[in-house]
Amino acid sequence: MGILIDPPNAAGHGRLWSHVASDTSYDELHAFARRLGIPERGFDRDHYDVPSEWYAEVVAAGAAPVSSRELVARLVAAGLRRRKRDPA
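The opening position of the sequence shown corresponds to residue 1 in the UniProt record's numbering, with each subsequent residue numbered one higher.
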């Protein structure tokens with residue numbers, strides 16, 4: 001359990017993006033993001049969006065690479081998944 005990152009396969013704003021999440025706690029996720037300098041504006045409900053060029057740095061800092069499907073499944077299992085229609 002801990003910090004997770006999926007492959008950069010979400011397109012937006014002319015770039016590809018990964019999602020960084022924690023299946024432990026939001027506190028762990030926010031602390032990890034602060035340590036790496038990931039901007040707070042990158043937080044979206046239950047994860048941070050990071051551009052593809054950050055992927056290697058995030059993995060080197062300790063994030064476990066997982067598929068997008070596994071990332072979502074682990075958030076759901078941990079009770080930390082917040083979908084768009086769910087209240088924050």
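Ideal Cβ placement from N, Cα and C applies to all residues, glycine included.
Excluding its 5 nearest sequence neighbours in each direction, R82 has C-beta neighbours in its own chain below 6 angstroms: R45, D46, listed in chain order. For L4, the uninterrupted beta strand (DSSP E) run begins and ends at 3-5, by DSSP.
For L29, the enclosing alpha helix (DSSP H) has its first and last residue at 26-36. Annotation: the continuous alpha helix (DSSP H) that includes A77 extends over 68-78.
When the Cα atoms are used, I5 and S18 turn out to be separated by approximately 7 angstroms. Boundaries of the alpha helix (DSSP H) harbouring A56: 55-60, taken from the DSSP string. Taking 8 angstroms as the upper bound for CB-CB distance, V66 and V58 are not in contact here, some 12 angstroms apart.
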